[in-house]
Amino acid sequence: EAGVTQSPTHLIKTRGQQATLRCSPISGHTSVYWYQQALGLGLQFLLWYDEGEERNRGNFPPRFSGRQFPNYSSELNVNALELEDSALYLCASSFQALAANEKLFFGSGTQLSVL
Amino acid sequence: GEDVEQSLFLSVREGDSSVINCTYTDSSSTYLYWYKQEPGAGLQLLTYIFSNMDMKQDQRLTVLLNKKDKHLSLRIADTQTGDSAIYFCAATGSGNTGKLIFGQGTTLQVKP
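Those protein sequence lines, which keep their order, are chains A and B.
Last residue of the first sequence: 126 in the working numbering, with the numbers rising by one and none dropped.
Last residue of the second sequence: 113 in the working numbering, with the numbers rising by one and none dropped.
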């Protein structure tokens, strides 16, 4: 069974550009989560999608946005890129919402570099 | 607020036991998790424990939870060089937020 897959593996952008990151959850999982792992800042919760709806977002500006498609895959969009957006972006999925004794399974991440 | 803290570094000899410690602040956290991250990779779920348990064993891994002190530990028996990685402790946030609160990660170095 395939795990959580993310693309691209690496992405290089310049300041002011937009980045689109993609995630496919484990088959049967309906909840998708995005986390940012920046050097020195640890793992920070970005967004949670469940059944196509945004359920919660972390303390990030509105230029971080995303969506979940009918097949439960998800996109993270980062507009007006800033140097400090350089980080590893991790996607995770779970069968149901996290509170229901669910486990998060993570992908390998997209390393975004903003020059 | 919600916070999870870990020591940053642990060095052990191959064959010894490793104990990685974690403290959390939110007493309503219902599940606590341990993840492993190898260089250039995502997070691998190692084990988790429900807050009404005080111990869970899974092969070489033992998780101990002291709910009163909000202290969680992960013991790795017979540590191998392949166990070298960063280990993250994580706790569910209060309410159904879909959020895990992660510690800063403990880098485990295993010397041959």
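Ideal placement from N, C-alpha and C gives every residue a C-beta, glycine not left out.
Endpoints, the beta strand (DSSP E) within which residue i is located
| i | result |
| --- | --- |
| B/His72 | 72-77 |
| A/His21 | 21-24 |
| B/Ile21 | 19-25 |
| A/Gly53 | 53-61 |
| B/Gln38 | 32-38 |
| B/Gly96 | Per DSSP, B/Gly96 belongs to no beta strand (DSSP E) and is neither H nor E. |
| B/Phe10 | 10-14 |
| A/Arg66 | 64-68 |
| A/Ser124 | 121-125 |
| B/Glu6 | 5-7 |
| A/Ser35 | 30-35 |
| B/Gln45 | 44-51 |
| B/Gln110 | 107-112 |
Residue i in three-state terms, based on DSSP
| i | result |
| --- | --- |
| A/Thr16 | strand |
| B/Thr82 | helix |
| A/Glu95 | helix |
| A/Thr41 | coil |
| B/Asp59 | strand |
| A/Phe116 | strand |
| A/Asn90 | coil |
| A/Ser76 | strand |
| A/Leu50 | coil |
| A/Phe71 | coil |
| A/Ser85 | strand |
| B/Asn67 | strand |
| A/Ser105 | strand |
| B/Ala91 | strand |
Residue i: CB within 7 Å of a non-hydrogen atom of the ligand MG
| i | result |
| --- | --- |
| A/Phe80 | Among the components of this structure there are no ligands whatsoever, and the ligand MG is therefore not found. |
Rounded distance between the beta-carbons of residue j and residue i, thought under 8 Å
| i | j | result |
| --- | --- | --- |
| B/Val5 | B/Tyr25 | 5 Å |
| A/Tyr83 | A/Pro36 | 5 Å |
| A/Asp61 | A/Ser38 | Between A/Ser38 and A/Asp61 the Cβ distance is about 16 Å, and since that is not below 8 Å, they are no contact. |
| B/Phe89 | A/Leu54 | 7 Å |
| B/Leu65 | B/Ser74 | 5 Å |
| A/Ser119 | A/Gln17 | 6 Å |
| A/Gln79 | A/Gly63 | 5 Å |
| B/Leu101 | A/Lys114 | With a Cβ gap of about 10 Å, B/Leu101 and A/Lys114 do not count as contacting. |
| A/Tyr44 | B/Gly99 | 6 Å |
| B/Ile50 | B/Leu109 | Going by Cβ atoms, the distance from B/Ile50 to B/Leu109 rounds to 19 Å, so no, they are not a contact pair. |
| B/Gly104 | B/Ile87 | That pair is no contact at about 10 Å. |
| B/Gly43 | A/Leu101 | 6 Å |
| B/Pro113 | B/Thr80 | Rounded, the Cβ-Cβ distance is 11 Å, inconsistent with contact. |
### Query
Hey, is the region 95-108 of chain A in contact with the region 59-74 of chain B, meaning 3+ C-beta pairs nearer than 8 Å?
no
### Task
Taking only beta carbons into account, state which residues of the region 65-88 of chain A come closer than 9 Å to chain B, listed in chain order.
Arg66, Asn67, Gly69
### Message
Count Cβ pairs between the region 11-22 of chain B and the region 63-72 of chain A that sit closer than 8 Å; are there 3 or more?
### Response
no
### Chain-ordered residues of the region 65-82 of chain B with a beta carbon less than 8 Å from chain A
none
### Query
Given a limit of 9 Å on CB to CB distance, which residues of the region 22-46 of chain B reach chain A?
Thr31, Tyr32, Tyr34, Tyr36, Gln38, Gly41, Ala42, Gly43, Leu44, Gln45, Leu46
### Message
Three or more C-beta pairs under 8 Å: does that hold for the region 116-126 of chain A against the region 21-30 of chain A?
### Response
yes
### Query
Using a Cβ cut-off of 7 Å, which residues of the region 12-36 of chain A contact any Cβ in chain B, in chain order?
none
### Task
Would you list, in chain order, the members of the region 80-111 of chain B that have their beta-carbon closer than 9 Å to a beta-carbon of chain A?
Phe89, Ala91, Thr93, Gly94, Gly96, Asn97, Thr98, Gly99, Lys100, Leu101, Ile102, Phe103, Gly104, Gln105, Gly106
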